[in-house]
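**Student:** Below you'll find the structure I mean.
Protein chains: 2
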Amino acid sequence: MNNAKKRSDCPVSSSLDIWGDKWSLLIIRDLLNAKACTYGDFLKSPEGIATNILASRLQGLEENKIIIKLSHPDSKAKVLYRLTAKGIDLLPIIIEINQWAEKYFPVPEATQALLKKVRKDKPGFIKAMIKELES
Amino acid sequence: MNNAKKRSDCPVSSSLDIWGDKWSLLIIRDLLNAKACTYGDFLKSPEGIATNILASRLQGLEENKIIIKLSHPDSKAKVLYRLTAKGIDLLPIIIEINQWAEKYFPVPEATQALLKKVRKDKPGFIKAMIKELES
DNA sequence: TAACTTTGCTTGCAAATTGCAAGTGCAAAT
DNA sequence: ATTTGCACTTGCAATTTGCAAGCAAAGTTA
């Protein structure tokens with residue numbers, strides 16, 4: 001998703017041009033869960049992304065303003081990645097994906113617990129989570 | 001998305017294993033728009049999917065029970081593809097993608113019109129569309 | 001201060017996937 | 001009987017992926 005080739009004017013297609021690959025949404029998932037991640041944090045995720053692919057995806061997401069690179073307060077050697085407002089706004093999509101998944105195959109307990117809260121009050125859940133991610 | 005390799009237990013990851021490539025969701029989009037498509041219909045979409053890729057994606061989606069292949073009432077030479085209930089349930093994800101896209105870049109008039117209705121009553125819109133797709 | 005480790009990448013290369021063009025086989029129309 | 005339409009398949013070049021190794025800058029340890 002590095003190269004900026006737009007296949008059509010369709011909003012779904014344009015969105016997929018940005019984050020429609022097997023890895024980008026997992027990076028975004030990590031950032032929704034953790035609020036901020038280092039390069040090494042992404043590598044530790046269970047799917048096992050290759051380091052060169054991670055670098056290329058982070059670059060693409062940054063170019064598309066989905067994430068921002070920040071300097072780590074503790075160390076110059078470390079880098080922090082965070083979601084922009086545009087990236088945070090992918091949360092509803094991720095929630096719907098989780099709900100779809102829960103309906104059609106077994107999901108982890110932690111997911112079930114979160115989705116229970118979502119079911120109780122989805123707009124409230126999203127609002128609270130956005131507030132948390134922006135702080 | 002042909003091969004059934006599950007990268008992790010994460011519901012997002014598992015979902016992407018099924019339809020998380022640059023083409024599958026466009027096939028699903030076409031089926032949400034048209035209810036039923038022939039092989040040739042998919043080829044006509046503006047993104048220009050290659051015929052071998054289309055064949056491989058249709059096979060994968062069928063294996064994962066997202067779509068079904070039906071015989072065309074008019075001709076034995078034709079095949080109809082339709083969404084299963086599992087496939088139709090991807091509609092909320094597609095809607096959220098459209099809404100995200102509308103927020104961050106210009107979208108076609110037709111999309112804007114549809115999203116206006118979504119904004120007015122999202123659950124109602126989804127319900128009506130599911131009913132239409134299942135009929 | 002020198003050696004060692006950690007962090008965030010980059011590079012090289014083989015393997016897999018994609019995309020283009022050209023078939024192929026069956027059905028239907030002429 | 002021949003041509004056309006439809007749903008794919010095949011061959012092959014080009015791109016992308018994934019593994020392993022390398023590397024510079026920063027931080028830690030002795």
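Sequence order for the protein chains is E and P.
The numbering used here numbers the first residue of the first sequence as 1 and each following residue consecutively.
The numbering used here numbers the first residue of the second sequence as 1 and each following residue consecutively.
All C-beta atoms, glycine included, are put in the ideal place defined by N, C-alpha and C.
Runs of 4 residues minimum, wholly inside the stretch 56-89 of chain E: which ones carry the alpha helix (DSSP H) assignment?
**Tutor:** Segments of the alpha helix (DSSP H) lying fully in the stretch 56-89 of chain E: 85-88.
**Student:** What span of residues does the alpha helix (DSSP H) with threonine 111 of chain P cover, start to end?
**Tutor:** Counting along the chain, the alpha helix (DSSP H) containing threonine 111 of chain P begins and ends at 109-120.
**Student:** With burial defined as no fewer than 16 other Cβ atoms inside 10 Å of the residue's Cβ, what is the status of leucine 90 of chain E: buried or exposed?
**Tutor:** So leucine 90 of chain E ends up on the buried side.
**Student:** For a test of the three-state rule: what should DSSP assign to alanine 101 of chain P, helix, strand or coil?
**Tutor:** Helix at alanine 101 of chain P.
**Student:** Is the stretch 59-66 of chain E touching the stretch 58-69 of chain P in the sense that three or more CB pairs, one from each, lie closer than 8 Å?
**Tutor:** No, the stretch 58-69 of chain P is not in contact with the stretch 59-66 of chain E.
**Student:** Once DSSP output is grouped into helix, strand and coil, what is the label at alanine 36 of chain P?
**Tutor:** DSSP places alanine 36 of chain P in strand when its eight states are reduced to three.
**Student:** Residues of chain P with a CB under 9 Å from the CB of valine 79 of chain E: which are they?
**Tutor:** Those within 9 Å of valine 79 of chain E in chain P number zero; the least Cβ separation is about 24 Å.
**Student:** Does any C-beta atom of chain P lie closer than 9 Å to the C-beta of glycine 40 of chain E?
**Tutor:** Cβ-Cβ to chain P under 9 Å: no for glycine 40 of chain E.
**Student:** Residues of the stretch 71-97 of chain P in Cβ contact with chain E at a cutoff of 7 Å, in chain order, please.
**Tutor:** Listed by position along the chain: Lys86, Asp89, Leu90, Pro92, Ile93, Ile94, Glu96 and Ile97.
**Student:** Taking one C-beta from the stretch 119-129 of chain P and one from the stretch 107-123 of chain E each time, how about it: are there three or more such pairs within less than 8 Å?
**Tutor:** Taking 8 Å as the limit for Cβ pairs, the verdict is that the stretch 107-123 of chain E does not touch the stretch 119-129 of chain P.
**Student:** Any idea if glutamine 112 of chain E is buried or exposed, counting beta-carbon neighbours within 10 angstroms, 16 or more meaning buried?
**Tutor:** Under this definition glutamine 112 of chain E is an exposed residue.
**Student:** Do you know whose CA, among P:Ser56, P:Gly48, P:Thr38 and P:Thr51, lies nearest alanine 77 of chain P's CA?
**Tutor:** Checking every option, the nearest Cα to that of alanine 77 of chain P belongs to P:Thr38.
**Student:** What is the DSSP secondary structure of isoleucine 49 of chain P, counted as helix, strand or coil?
**Tutor:** Three-state DSSP puts isoleucine 49 of chain P in coil, outside helix and strand.
**Student:** State yes or no: is the beta carbon of threonine 111 of chain E nearer than 9 Å to at least one beta carbon in chain P?
**Tutor:** Chain P contact via Cβ: present.
**Student:** Express the C-alpha separation of proline 73 of chain E and isoleucine 27 of chain P in angstroms, rounding to a whole number.
**Tutor:** Their backbone Cα atoms lie some 45 Å apart in a straight line.
**Student:** DSSP three-state call for glycine 124 of chain E: helix, strand or coil?
**Tutor:** Helix at glycine 124 of chain E.
**Student:** So with CB distances below 7 Å, who are the chain E contacts of arginine 7 of chain P?
**Tutor:** Here the neighbours are Glu47.
**Student:** Cβ atoms of glutamate 134 of chain E and alanine 85 of chain E: under 9 Å apart, would you say?
**Tutor:** Their beta carbons are under 9 Å apart, which means alanine 85 of chain E touches glutamate 134 of chain E by this criterion.
**Student:** Throw me the rounded Cβ distance for the phenylalanine 42 of chain E and isoleucine 49 of chain E pair, which I believe falls under 8 Å.
**Tutor:** That pair is a contact at about 6 Å.
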